[in-house]
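There are 2 protein chains.
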Amino acid sequence: MKETTIYDVAKEAGVSIASVSNVINGKGKVSAKKREEIREVMERLNYRPSVIASALMGKRTYTLGLLVPDVANPFFAEIARTVEDRAHQEGYSVIACSTDNKEERIERYIRLLKRKRVDGLIIGTGLGEAGSQALQAEKAVPVVLIARGSDELSAHSVLTDDRAGGAAAARHLLGLGHRRLAVLAEGAQVTSSADRVRGFRAALSEAGVTLAEDDVLICETSVAAGERAAGELLRRAERPTALFCCNDMLAAGALRAAKRSGIRVPGELSVVGFDNTVLAEVTDPALTTIAQPLDGIVDQALELLLAEPEAGAAELRRVVMAPELIVRESTAPPPAAKSQP
Amino acid sequence: MKETTIYDVAKEAGVSIASVSNVINGKGKVSAKKREEIREVMERLNYRPSVIASALMGKRTYTLGLLVPDVANPFFAEIARTVEDRAHQEGYSVIACSTDNKEERIERYIRLLKRKRVDGLIIGTGLGEAGSQALQAEKAVPVVLIARGSDELSAHSVLTDDRAGGAAAARHLLGLGHRRLAVLAEGAQVTSSADRVRGFRAALSEAGVTLAEDDVLICETSVAAGERAAGELLRRAERPTALFCCNDMLAAGALRAAKRSGIRVPGELSVVGFDNTVLAEVTDPALTTIAQPLDGIVDQALELLLAEPEAGAAELRRVVMAPELIVRESTAPPPAAKSQP
DNA sequence: TTGAAAGCGATACCAA
DNA sequence: TTGGTATCGCTTTCAA
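Chains A and B, in that order, are what the protein sequence lines are. Counting in the working numbering, the first sequence runs from 66 upward without gaps. Counting in the working numbering, the second sequence runs from 66 upward without gaps.
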């Protein structure tokens, strides 16, 4: 059975396709009577306009692309869900793409999405040289960066204030009495991680506490990597009493490492995560972590992305949203502080 | 700047668009010389054929739809990632849709995906009346069901042997010496959950152990729901020594409930999950759980979905794959059994 | 082998 | 108000 087309409707209703098109789009002039008739026929034939055909005429495809490092990672999974919901409300569907932070994948995806003429790209991953090029090449797609600084690319961006997040973690720990801290970070290409560390460090030094170079360990993004790095840290002679992890997976890993080393959390070691994913409620102890305002971020991002590119408004926006410290069970005063009233 | 079209290429190369089309698709006859020339021009102009236009001519859109209850749920997030990877290998991209198991959302999504002329649908969620109807209506899309029994719908399906999974959990617990068991299940509309319970119960009764009606609690799919239900169970006079949970989120909730009640796991209570998601490695104790062979499932599913619908091969396939018990730290012999050698 | 021309299913302009 | 028709970019006959 073939799809019903606009021609079928027109013929059945005894009008021209132009009129049908007009009632579909609510444009042009159609007499109320004809309009009703056409409506009725569309209904009866169960007619659904082809997105493909109208896209070919230069209209929107109502499809958005979402680039993240890995949709299986709980944080990005939540982003994907949030984006999907908001986009769906506006009539869009979204193609999620996991880049693994690999230039080759990034480039391939961007090309593919362009060929499919997506109406916009929401980018939550680093791009690298190749990615930026692919974006600019040929006809540029509207782009908005989320949860990521605006690399070398000129595009709107909306992101969490990562420095503030790092600082909040630091102040929380400092307030608890910690003075020997360390951090588990992600690689340099993850700019948000770098900013979190910067903020963390800045807040520490404000309090006169310094963080040595080798007190921040770079990890891949996985529980196992966090466990490994934390294990190393905990084996040091002067081990830290508190650990700031740039995401919840690393923090979960740290918790495991502590357990394996027989170090109690939060009694002997405090751990702070970032992102406030499901993981944070599921670990034992539950993670104190920094929450990103995902709904707000996605709202803003879609608004920027879908706004008709008005003639004048060519200025680049950079929206920064405040993170929030969520205190759970993984942080407490350091052991030493306990005995000194 | 406008996209380069097939006309631009043809003009630049001094040939007809038909020839260009032929070299793109490797069809028809084109002299080696012309072919090279055209290739060179395409390269130079950075030409990318429009998926839209070719889709309009009845070719594939190279887009697949994926329906799951919630991509933010770690299990479905992993499915989404697996599907994305395999699909991408074949040149497809995928639109992920979270249905929340709501008929209204399901229907809307199916309609939308059809209007976008996706080449196939991978369905990992119950459909309900509305969904099934929407699928059949008008031109039917190729469909494959994953991780879900084939409802009322006639479509290929590839799924885990849920009964076997439930049975494996039961035998593991039985083998450890447990005799007072209970289960946390999902609602009736989640057929996989029902099958897991069936398998679990069957294996139990084979061993002469019975599971009363009120020993299986129905929960929503969330950590909190699991915690609540498990809490109730643990407050009973004759509390169970082992809990089988139909997914890892519920199991994680059970762990929390146990902790709140001061019940040690696995010392006083064993817990088994299902799905082997990240959650299972992150809880403390780490979850013993049943792993689904995701890669295998997705491989098979895509194969069935993308196979050219050959003339003869109209038979419906139902592929069942074996789950695997992953023993971690959340299971041990029951307290009583310890004292009886 | 090559190319002219007829669609595919919509939109949009312009006459009537 | 209506409807005829060109157009979007590509695939696919079918003649030449």
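Quick reminder that beta carbons are idealized off the backbone N, C-alpha and C, glycines included. Values in this document were obtained by computation on a predicted structure and should not be read as measured data.
Chain A places no beta carbon closer than 8 Å to that of Ile188/B, leaving this residue out of the contacts. The residue from Gly156/B, Ser395/B, Ala145/B with its alpha-carbon nearest to that of Ser163/B is Ala145/B.
As a beta-bridge residue in DSSP terms, Glu251/A pairs with Cys284/A.
Per DSSP, the continuous alpha helix (DSSP H) segment holding Ala235/A begins and ends at 227-241. Looking at the backbone, the Cα of Ile188/A and that of Val208/A are separated by about 7 Å. The shortest C-alpha to C-alpha distance from Ser258/A to any of Glu271/A, Val136/A, Ala272/A, Glu285/A is the one to Glu285/A. Rounded to whole angstroms, Val330/A and Asn138/B show a C-alpha spacing of 27 Å. Runs of the alpha helix (DSSP H) spanning 4 or more residues and lying entirely within the segment 273-354 of chain A occur at 288-300, 313-325, 344-347, in chain order. Each residue's CA atom was taken as its position, placing Gly79/B and Thr70/B some 14 Å apart. With the rule of 3 Cβ pairs closer than 8 Å, the segment 191-202 of chain B does not count as touching the segment 227-237 of chain B.
With respect to the C-alpha of Pro399/B, the residue from Leu178/B, Gly240/B, Leu186/B having the closest C-alpha is Gly240/B. The segment 310-318 of chain A makes contact with the segment 250-270 of chain A, as at least three CB pairs between them are under 8 Å.
At a cut-off of 8 Å between beta-carbon atoms, Thr348/A makes contact with chain B.
Around the beta carbon of Ala83/A, fewer than 16 other beta carbons sit within 10 angstroms, so the residue counts as exposed. DSSP, read as helix, strand or coil, puts Glu271/B in helix. Residue pairing for Val208/B: DSSP places it in a beta bridge opposite Leu186/B. For Asp260/A, the closest of Met107/A, Pro114/A, Arg244/A, Ala212/A by C-alpha to C-alpha distance is Ala212/A. Residue range 158-163 is occupied by the beta strand (DSSP E) that includes Ala161/A, with no alpha helix (DSSP H) assigned at that position. Inter-residue distance for Gly191/A and Arg325/B is about 41 Å (C-alpha atoms, whole angstroms).
Proximity of Val159/A to chain B, defined by a Cβ-Cβ separation below 8 Å, is satisfied. Residue state for Val392/A is assigned as coil, using DSSP reduced to three classes. The beta carbon of Arg300/B does not come within 8 Å of any beta carbon belonging to chain A, so the residue lies off that interface. Looking at the backbone, the Cα of Arg301/B and that of Gly242/B are separated by about 20 Å. Boundaries around Gly130/B are those of the beta strand (DSSP E), 128-133, since no alpha helix (DSSP H) includes it. In this structure the segment 380-390 of chain A touches the segment 351-370 of chain A; the number of beta carbon pairs closer than 8 Å is three or more. Under a criterion of Cβ atoms nearer than 7 Å, the residues of chain A adjacent to Ser163/B are, in order, Arg146, Glu149.
Relative to Asn111/A, the option among Leu238/A, Ile103/A, Ala118/A whose CA is nearest is Ile103/A. Non-local C-beta neighbours of Asn341/B in its own chain, meaning closer than 6 Å and more than five positions away in sequence, comprise Thr354, Ala356, Ile391, ordered along the chain.
Straight across, the Cα-Cα distance linking Ala294/B with Leu249/B is about 7 Å.
Close to Glu271/A, with beta-carbon spacing below 7 Å, lies no residue of chain B; the smallest spacing is near 33 Å.
Around the beta carbon of Gln365/A, a 10 Å sphere encloses 16 or more other beta carbons of the protein chains shown; the residue is thus reported as buried. Residue contact check for Pro331/A against chain B: no CB pair falls below 8 Å. Distance from the CA atom of Asp280/A to the CA atom of Glu172/A, rounded to whole angstroms, is 35 Å. Below the 9 Å Cβ cutoff, chain A contributes no neighbours of Ile171/B, its closest Cβ being approximately 12 Å away. If you look at Arg180/A, you'll find it in the alpha helix (DSSP H) that goes 168-180. The Cβ neighbour count for Leu320/B, taken over all protein chains shown within 10 Å, is at least 16; the residue is labelled buried.
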